[in-house]
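These notes are about the structure you will find just below.
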Amino acid sequence: MSENTQHSELSPKMLEILRKLEEKHDAVGENLEAHLEGLFYSYFVNYWDYIGIDALLNLQKPKTKYSDEMIFIIYHQISELFFKMILHEIEQIGNATDLTPDFFLKKINRINAYYDHLLNSFNLLSVGLESEQFMKFRKTLTPASGFQSIQYRLIEVWSTHFSNLLDAEDKANLSPNASVEDVYQHIYWKKGATYKKTQQKTLTLLQFEEKYSKLIIRKGKELKDKNILSCYLSLPPEAQNNPTIIEALRQFDKHANLNWPMAHYGYAIKHLQKDKEVVPSTGGTNWQQYLPPHFNKILFYPNLWSEKEKKEWGKEWIEKEILSK
Ligand code: HEM
Numbered sequence: 009m010s011e012n013t014q015h016s017e018l019s020p021k022m023l024e025i026l027r028k029l030e031e032k033h034d035a036v037g038e039n040l041e042a043h044l045e046g047l048f049y050s051y052f053v054n055y056w057d058y059i060g061i062d063a064l065l066n067l068q069k070p071k072t073k074y075s076d077e078m079i080f081i082i083y084h085q086i087s088e089l090f091f092k093m094i095l096h097e098i099e100q101i102g103n104a105t106d107l108t109p110d111f112f113l114k115k116i117n118r119i120n121a122y123y124d125h126l127l128n129s130f131n132l133l134s135v136g137l138e139s140e141q142f143m144k145f146r147k148t149l150t151p152a153s154g155f156q157s158i159q160y161r162l163i164e165v166w167s168t169h170f171s172n173l174l175d176a177e178d179k180a181n182l183s184p185n186a187s188v189e190d191v192y193q194h195i196y197w198k199k200g201a202t203y204k205k206t207q208q209k210t211l212t213l214l215q216f217e218e219k220y221s222k223l224i225i226r227k228g229k230e231l232k233d234k235n236i237l238s239c240y241l242s243l244p245p246e247a248q249n250n251p252t253i254i255e256a257l258r259q260f261d262k263h264a265n266l267n268w269p270m271a272h273y274g275y276a277i278k279h280l281q282k283d284k285e286v287v288p289s290t291g292g293t294n295w296q297q298y299l300p301p302h303f304n305k306i307l308f309y310p311n312l313w314s315e316k317e318k319k320e321w322g323k324e325w326i327e328k329e330i331l332s333k
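Everything in the sequence shown is counted per the numbering used here, starting at 9 for the first residue and increasing by one.
Next up, the structure:
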């Protein structure tokens with residue numbers, strides 16, 4: 009340093025910051041000086057490392073020469089990231105130690121906003137995906153299917169009581185003492201992936217069960233009092249009856265159990281149903297019966313819907329989006 013260079017005094021603000029940092033480090037027995045010295049040697053943060061750009065852009069691995077397969081993979085990954093954002097909000101509600109109606113509503117509103125974006129982006133499966141290409145590269149994907157998305161299933165487990173993931177028939181036969189394991193045997197999505205005549209499970213389902221059954225059962229138990237329905241029922245009665253909170257939860261139910269499944273079903277029809285001929289899916293489900301929510305009628309918050317609304321679940325959507333076109 010040249011003789012002329014003046015050392016400026018540390019400003020009061022800087023001293024205050026240093027004092028607070030020292031307090032923070034003292035509290036956990038760490039030496040602030042050593043940490044500060046470390047700053048001489050550490051790199052400055054940059055965008056590419058922080059966002060993980062190299063890893064992110066290396067996660068797309070098409071299996072064929074068809075260019076649209078890249079869009080197919082990326083859009084699945086985008087959807088999974090949105091599922092992650094949704095789970096991130098849900099978990100904050102479930103893990104809140106002092107849950108307030110305001111916090112609850114704020115998080116449900118965010119979840120609904122994420123679903124809005126997911127739904128608005130769905131037409132990328134039309135804009136970015138030519139059916140002709142899809143019909144070719146999809147053959148290399150069997151038996152992989154979005155059916156095996158664990159985040160999609162975890163959103164369900166976090167959102168409601170485990171027994172609400174049974175279809176109406178199984179729910180009616182459910183013993184009051186049924187364990188999470190009992191319920192899991194009949195969870196609605198297993199039916200779609202089981203051949204009716206032989207009761208044999210598809211390979212897609214068998215793979216999924218092998219990897220995730222334990223996790224789902226564990227979560228079903230752990231979340232008994234932490235799922236969104238339990239959290240809602242733990243709010244004071246005036247909050248439970250608050251029309252804004254009720255409407256937000258109904259919207260969440262509608263997004264998760266009608267709007268997304270219906271939009272997804274629409275694209276399955278677009279790409280898998282050619283001139284009335286139905287193409288078998290990669291996951292091998294009886295997808296035409298299984299995918300439309302009208303058939304499964306899973307609802308996270310059944311008590312927030314009237315009997316008529318429940319009976320006609322999905323009817324309006326089919327009339328507006330399918331029959332009128
Ligand atoms: C051209 C695009 C798509 C087609 C043709 C398609 C087709 C299907 C079919 C037929 C099923 C039933 C299971 C099977 O038999 O494989 C299914 C399930 C599923 N797919 Fe897709 N899918 C597409 C895009 C997506 C995207 C972008 C996602 C986002 C992650 C996704 C997530 C899922 C999920 C979560 C299920 C299970 C739904 C449930 O159990 O109700 N799919 N898909």
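Even for Gly, the Cβ is constructed at its ideal location relative to N, Cα and C.
Take Asn-39, set aside five residues on each side of it, and the residues of its chain with a beta-carbon closer than 8 angstroms to its own are His-33, in chain order.
When secondary structure is reduced to three states using DSSP, Lys-209 falls in the strand class. Contact between Glu-217 and Phe-145 does not hold, since the beta-carbon distance rounds to 26 angstroms and is not under 8 angstroms. Of the residues Leu-64, Arg-161, Val-36, Leu-312, the one whose Cα lies closest to the Cα of Gln-248 is Leu-312. The residue among Glu-324, Tyr-74, His-194, Lys-204 with its C-alpha nearest the C-alpha of Trp-295 is Lys-204. Annotation for Phe-90: the continuous alpha helix (DSSP H) segment containing it runs 76 to 103. Beyond the five residues adjoining it in sequence on each side, Asp-178 comes within less than 7 angstroms, by CB distance, of His-194 in the same chain, given in chain order.
Excluding sequence positions up to five before and after Leu-127, its CB lies within less than 7 angstroms of the CB of Asn-267, Trp-268, Ala-271, all in the same chain and listed in chain order.
Judged by DSSP in its simplified three-state form, Thr-72 adopts coil rather than helix or strand. In this structure, Ser-167 lies away from Ile-82, with their beta-carbon atoms at least 7 angstroms apart. For a cut-off of 8 angstroms, the C-beta gap from Thr-293 to Phe-155 is around 7 angstroms, short enough to register as a contact. Among the bridge pairs identified by DSSP, Val-286 is matched with Gln-281.
Taking the C-beta atoms as reference points, Ile-158 is found no nearer than 7 angstroms to Phe-260. Residue environment analysis places Lys-219 among the exposed positions, since fewer than 16 neighbouring C-beta atoms fall within 10 angstroms of its C-beta. Per DSSP, Asp-34 is one residue of the alpha helix (DSSP H) stretching across 20 to 35. Phe-80 is classed as buried because its beta carbon has at least 16 other beta carbons within 10 Å across all chains shown.
As a beta-bridge residue in DSSP terms, Thr-202 pairs with Lys-209. In this structure, Val-188 sits near Lys-229, with a CB-CB distance shorter than 7 angstroms. By the neighbour-count criterion, in which a residue is buried when 16 or more other Cβ atoms sit within 10 angstroms of its Cβ, Ile-306 is buried. Distance from Asn-172 to Pro-300 at the Cβ level is roughly 19 angstroms; contact not present, criterion being Cβ atoms closer than 8 angstroms.
By the neighbour-count definition (other C-beta atoms within 10 Å, threshold 16), Phe-308 is a buried residue. Secondary structure note for Ile-59: its alpha helix (DSSP H) is the uninterrupted segment 55 to 59.
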